[in-house]
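Right, one structure below, let's go through it.
There are 2 protein chains.
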Amino acid sequence: MRILSSELKEHIGKPVHVEGWLHKKRMLGGLTFINVRDRGGLVQIVIDSKDETEKLRGLQIGTILAVDGSVVEEPRAPGGAELHEASLTVMVPVQAEPPIEIDKPLSHRPDNLDTLFEYRPIGLRNLQETAIFKVQSAITKGIREYFYSQDFTEIRTPKLLAAATEGGAEVFKIDYFGQEATLAQSPQFYKQIMVGVFERAFEIAPVYRAEPSATTRHMTEYISVDGEVGFISIVELKQLLGGLLNFVNDYIWEHNEAELKLLRATKPALTKEIPSIPMQEIHEKYTKATGNSTIGEKDLRPDEERWICEYAAKELGSEAVFVTDWPASEMKFYHKAQPDNPELADRIDMLFRGVEIVTGSMRENDYEVVVKQLKEQAGGNPEDPGFKPLLQAMQSGMPPHGGFGMGLERVTQKFIGLNNVKEASLFPRDINRLAP
Amino acid sequence: MRILSSELKEHIGKPVHVEGWLHKKRMLGGLTFINVRDRGGLVQIVIDSKDETEKLRGLQIGTILAVDGSVVEEPRAPGGAELHEASLTVMVPVQAEPPIEIDKPLSHRPDNLDTLFEYRPIGLRNLQETAIFKVQSAITKGIREYFYSQDFTEIRTPKLLAAATEGGAEVFKIDYFGQEATLAQSPQFYKQIMVGVFERAFEIAPVYRAEPSATTRHMTEYISVDGEVGFISIVELKQLLGGLLNFVNDYIWEHNEAELKLLRATKPALTKEIPSIPMQEIHEKYTKATGNSTIGEKDLRPDEERWICEYAAKELGSEAVFVTDWPASEMKFYHKAQPDNPELADRIDMLFRGVEIVTGSMRENDYEVVVKQLKEQAGGNPEDPGFKPLLQAMQSGMPPHGGFGMGLERVTQKFIGLNNVKEASLFPRDINRLAP
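Chains A and B, in that order, give the protein sequences.
The first sequence: position 412 = 412 (my numbering), numbered continuously.
The second sequence: position 118 = 118 (my numbering), numbered continuously.
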C-alpha cells in the first residue's frame, strides 16, 4: 500500500511503497539521490544499485515513479527520514524537459511574471508556488469556519445579470441568446436581499471587473468574499470584521506554518480590536508627517494607504486599520448616511499592510430613502430590473444591516507578502491575459 | 441584549428581548397573536394590551419589530415557549402588502414556478423556501468536510476563457476588451492540471451552459462540485464517490432534520458501496422489463434512468447506482479507454433518484495518447490555447487520475424531492430568465 512522504517517519526500519513525481536528481560519489514529490511533500531516496539508476536514464523531472524501499532515519532529509535499498518502477516516463524550473524557487520579479504565468501548469509544481495556494485554501477554510461560528448561512447568487446596475463602466457584456447580459461585479444586491431571508449570509465566488489596465492590484476575475448581516450596528460590524481577520491570521499560522515559513512570511501584528481612524484625521496626520497635503480629499491616495498602515503598526500595534467616516457623496446609492452628519457615510474600509483588503459599510434600510438616493445620487430608475429586486426586499421590510466584500487574492497576497495580487491567483486574468 | 427565537426555551420565566420580521398576525378573542421571524426560526408572541395591539395598525407582514416580554412555556408554540406581556417597538414599518405569501407554503406547481421565481426576494422568506437553501448550505458544507477528510485542497480556477474548448456549442461569448472570450462550462482541464500540483483538488463554483431550451433538468448557470484525484483507480474513484454521497446524506440528516422534515423529504436508502451496472446490462434489463428495446444504444434514455434507479432501490437496496462501461466513441478526447477493451471507457455516472447527478471518469494520462485522441476524436489542435495548458501538464508527467463533476442544485433537488432543478437555485437562470 502506498504511503505519503509525510508519513515516512512513522515507518522507520520498515519497507514502504511511495508514488509521486521525480522532483530532483543528483549524483554524489557512486550514489544517486532523488526526491520524489507527492501531496505530502518530498521523499529523499538513495539509490546505490546501478540497475536502478539505469532506469532513470534519459528521464526528466516530472516522471511518475513508484518506489519500494526501507525507511532510515535521516535528520537532514525532508521529513527526517529517507528511503534506502530503493527499487524503482517508472509509472509514466517523461522525456521532455520541463519548460520552467520545478525544483528551485521561481523568480517573482515584475519582469518575470509573464513567464511565471505562461508556464503556470508546470510552475505550480514548484514547492514555493504550491505553498501559496495551500495557504490560500486554508484562508478560505478559516474564513468559512469563522462565518459558521457566527451563524452565517452560505449562499450562491447568479453572476449572469440582466443589466449593469452598479457602476456602468468596467462591466463585461455577454451575448445571452441574442440579448445582452452582463457579468456580476459583486453580489451586493443579492446578499442584501438574503439578509431578509437568513439575517447573516456569506458567499465566496468569482466576480468580474472589466478593468482596462494591468496593475499590481487588480484582476478582471477574482474571488470575492462577501458577508452581509442584519440587526447589526457599525460597531458590531467592525468587531465582526476584526474577529474575522484575527481568526484567519491565527488559523493559518496554526495550520500552515510550514508553508508560511517556506514563503518567508511573517505573522502580522493585530490588535483584538482593529483601530479606527476617520478619513480626515488620516489626511491631517499624513499631511503633517509628509508635507503633501491631502486635506479635504475624498479618498485616500495609495501612498497614504501605505503610510497610515505603517503608522498604525508603529503607533497602535496593528498592521490593519479601519478607515471610517467617508464622504457620503462618494458612496453608492444604497449607503447609510450618519444620522447626525448626513455628509458622512458609515463606511469602513480595512487597510492591511498598505492596501485596502475590505470594503464595508452600513446600508440604508428605509425603502423611501433608498429610492430617493437611487434617483438623486445615481439617476437610477426604481423599475430597472437590476434595482427592482433589492427595492422589493426593502419595501417588504429590511432591518438595519451592513456588510463587506474582501478580495481573496489580496488577502492571500498580504498575508504572504507578495508584490502583485496576480501571484496569488492560480490562473490570473487581466486585460492582457486570458490563458492558460 | 437580543436573544434568538431558538434560544427562547433557555429563558423560561425570564424577561427577554427579540428582534425580527412580523411573520404572521391573528386575532383571537381579545388577544392578538403574532409570530416574529429571526434567523433562529419563529417566536410566538401574545399581546393582550390594546395599546400594544394599536402599534401594529396598518402594518404588514415584514414589519421589523423589537419585542420585550417574558418567556412562558407553551408546548404548542414553535420552540416550546412563547412571549407574554409583550411590549413592541416598530423598528421599520412596512405599509405595502407582500407581493407573495410569506406565512404559507408556496405552490411549486409547474405553472406557478414563474411567479415563484419572479418574487424570489420576498418568497424566500417563506420558511419552506428558507429550508431548501439551509439544506443546500449544509450539503455544500458536508461535501467540503468530506473532501478535507480525504486530503483534498480547494482550488479556484478561472471562468473567463480564451477559447471554447470542450463542446463548441452551448458556450456563452463575452466581449473581452474587443476580443472574444468565453465562459467556462466546466473546470475540467484546470482541475486535471491541478492534480499535477496537489494530487487531490476540489472546486465548488459556478459554470455556464448556453442551454437553448428551458427544461426541468438544466440551467444556464449552476454550481458545479468538481473533484479530481491522482494515483487512483476506477475502483477507488467509485469508493470515493460512494463515500461522498453517504457522508452528505448522513450529514444533512444529522444537522438539518428539522428542515428536511418540514420539506417532507425522506432519507434515501444507500448502500455503503454504491452498486455498479454496465450500460449494456441496463439496456438488457430495461428492454426485458418494459418491452422498449434500447439494446445497443450509446446512452441511457431519461425513462431508463428512472427505471434503473427504481430497480436498484428495490433489488439492490440503494437509491443511487453507477452506470459503468460507456462507449468510448461517446467520450471526450481526454477519456481513458479500458486497456482490455478500448471500445469502452472507464466512465462512471451516478444516477440518484431517477436522474444523473454525477459524471465521473478516469482520464487518459499518457501525453502521446491524449494528443492522438484530441486530433482523431475531437479534430482539435494541440497548439490551441484552450488545450495547450492541459497537454503541457501531461507532457511534464501526470499520474493515473480520475475525477467527477456534480451539480449542486441537482443534488439538493434530489435529496429534498423537488420536481425542477430551478427550485433548488436561489435565483435561477435559463433562456427565459435573467432576473431577479
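For each residue, glycine too, the CB sits at the ideal point set by N, CA and C.
For this session: For residue 19/A, collect the residues of the same chain with a Cβ closer than 6 Å to its Cβ; drop the 5 residues on either side in sequence, then sort them by chain order.
Result: 2 and 66
Exercise. Which chain A residues are close to residue 279/B, counting only those with a beta carbon under 8 Å from its beta carbon?
Worked result: By Cβ distance, chain A contributes nothing, its closest Cβ being about 29 Å from residue 279/B, past 8 Å.
For this session: Within 10 angstroms of the Cβ of residue 149/A, are there 16 or more other Cβ atoms? Answer buried if so, exposed if not.
Result: exposed
Problem set entry | Within chain B, the residues that residue 365/A reaches when beta carbons sit closer than 7 Å | 92
For this session: Determine the closest residue to residue 201/B out of 108/B, 363/B and 156/B, with distance taken between C-alpha atoms.
Result: 156/B
Exercise. What separation, rounded to the nearest whole angstrom, lies between the Cα atoms of residue 411/A and residue 114/A?
Worked result: 22 Å
Exercise. Under 8 Å between C-beta atoms, does residue 437/B make it to chain A?
Worked result: Examination of residue 437/B is not possible in this model, given that chain B is present from 1 through 436 alone.
Problem set entry | Classification of residue 97/B by the beta-carbon crowding that lies within 10 angstroms, buried from 16 upward | exposed
Problem set entry | DSSP state of residue 235/B mapped onto helix, strand, coil | helix
Problem set entry | Selected residue, minimal CA-CA separation from residue 241/B, among 398/B, 85/B and 147/B | Residue 147/B is the option with its Cα nearest to residue 241/B.
Exercise. Which of the three DSSP states, helix, strand or coil, is assigned to residue 363/B?
Worked result: Taken through DSSP and simplified to helix, strand or coil, residue 363/B comes out as strand.
Exercise. In terms of alpha-carbon separation, which member of 219/B, 204/B, 35/B and 342/B lies closest to residue 86/B?
Worked result: It is 35/B.
Exercise. Does residue 387/A come within less than 8 Å of chain B when only Cβ atoms are used?
Worked result: no
Problem set entry | Rounded C-alpha distance that separates residue 422/B from residue 286/A | Going from the Cα of residue 422/B to the Cα of residue 286/A covers about 53 Å.
Problem set entry | Those runs of the alpha helix (DSSP H) which lie wholly inside the segment 168-242 of chain A and span at least 4 residues | 188-198
Exercise. Which runs of the alpha helix (DSSP H) fall wholly inside the segment 247-324 of chain B and span at least 4 residues, in chain order?
Worked result: 257-262, 279-290 and 302-311
For this session: Using a Cβ cut-off of 7 Å, pull out every chain A residue sitting near residue 242/B, in sequence order please.
Result: Within chain A, no residue comes near residue 242/B; the closest Cβ sits about 20 Å away, beyond 7 Å.
Exercise. Which chain A residues are close to residue 362/B, counting only those with a beta carbon under 9 Å from its beta carbon?
Worked result: Within chain A, no residue comes near residue 362/B; the closest Cβ sits about 14 Å away, beyond 9 Å.
Exercise. Can a CB atom of chain A be found closer than 8 Å to the CB of residue 190/B?
Worked result: yes
Exercise. Using a C-beta cutoff of 8 Å, does residue 334/A count as contacting chain B?
Worked result: no
For this session: Confirm the yes/no value for this check: CB of residue 260/A, any heavy atom of the ligand NAD, distance under 7 Å.
Result: Inclusion of the ligand NAD in the displayed structure is not the case, the ligand content being empty and no account of it being possible.
Exercise. Who are the near neighbours of residue 172/B in its chain, counting only those whose CB is closer than 7 Å to its CB and skipping five residues on each side?
Worked result: Hits under 7 Å: 182, 183, 208 and 210.
For this session: Just confirm the distance between the C-beta atoms of residue 41/B and residue 78/B, as a whole number of angstroms; I'd bet it's less than 8 Å.
Result: 6 Å
Problem set entry | Bridge partners - residue 15/B, DSSP secondary structure assignment | 70/B
Problem set entry | Residue from 387/B, 82/B, 227/B and 354/B with nearest C-alpha to residue 304/B | Among 387/B, 82/B, 227/B and 354/B, the Cα nearest to that of residue 304/B is on 354/B.
Problem set entry | Residue span of the alpha helix (DSSP H) that contains residue 147/B, given as start and end | 127-149
Exercise. How would you label residue 95/A, buried or exposed, when you count the other beta carbons within 10 angstroms and need 16 or more for buried?
Worked result: exposed
For this session: Spell out a yes or no on whether the segment 318-326 of chain A and the segment 266-284 of chain A are touching, meaning 3 or more CB-CB pairs, one atom from each, closer than 8 Å.
Result: yes
Exercise. If you drop the 5 nearest sequence neighbours on each side, which residues of the same chain put their C-beta closer than 7 Å to that of residue 404/A?
Worked result: 227, 241, 358, 359 and 360
Problem set entry | Within chain B, partners of residue 158/A - CB distance below 7 Å | 221, 427 and 429
Exercise. Does the distance from the CB of residue 53/A to the CB of residue 22/A come in under 8 Å?
Worked result: no
Exercise. What does residue 327/B pair with, by DSSP beta-bridge criteria?
Worked result: 344/B
For this session: Mind reading off the beta-carbon distance from residue 436/A to residue 388/B? Whole number of angstroms is fine, and I expect it under 8 Å.
Result: 7 Å
Exercise. How about residue 176/B: is its C-beta nearer than 8 Å to some C-beta of chain A?
Worked result: yes
Exercise. Any idea what DSSP makes of residue 60/B, helix, strand or coil?
Worked result: coil
For this session: Between the Cα of residue 300/A and those of 319/A, 318/A and 351/A, spot the shortest distance and give me the residue it belongs to.
Result: 351/A
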